[in-house]
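Numbering-wise, the sequence shown is residues 108 to 221 according to the working numbering.
Where is the CB? At the ideal position from N, CA and C, for every residue including glycine.
Fair warning: this is a prediction, and the values are worked out from it, not measured in the lab.
This report concerns only the one structure given below.
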Amino acid sequence: MSSSSTWTFPLEIEGCENQNPADCHRHRLWVAGRIAKKLAQMPFNALHLLLPEKLEEYLHPGDRELCSVCQTSLTEAGSAARKRAWQSLPATFGLPSWRELKGMKTEAMGPIEF
């Protein structure tokens, strides 16, 4: 899973509420760089890095807070990226789709609910 296929990071966000929008822009670049570096070090850790609590670590690093509009936009982008990464996980390992995998499980084990 490459970082480019996992997360399209919104660097330009319409409606930034920061008195100095350049501050939010600099912080978005900082967050993007930090996540890209982590993904390069551990590419199969993408789902973990995009967990809401992990994103919070990047979006609230002390004195570099983002405005609420930028924070919401980045949180939503992370959530959408995590969903896309999860959906593409079987294909990453050369497996059929989740639907086919669930069908194979049901065929092999019967309908099991947890």
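Assigned with DSSP and collapsed to three states, E183 falls in helix. When the Cα atoms are used, V176 and M211 turn out to be separated by approximately 43 Å.
Each residue's CA atom was taken as its position, placing Q178 and P117 some 11 Å apart. Here the segment 118–133 does not lie against the segment 149–161, with fewer than 3 beta-carbon pairs under 8 Å apart. With the rule of 3 Cβ pairs closer than 8 Å, the segment 134–149 counts as touching the segment 159–166.
One Cα belongs to C174, the other to C123, and the distance between them is close to 7 Å. By the neighbour-count criterion, in which a residue is buried when 16 or more other Cβ atoms sit within 10 angstroms of its Cβ, R189 is buried. Assigned with DSSP and collapsed to three states, M211 falls in helix.
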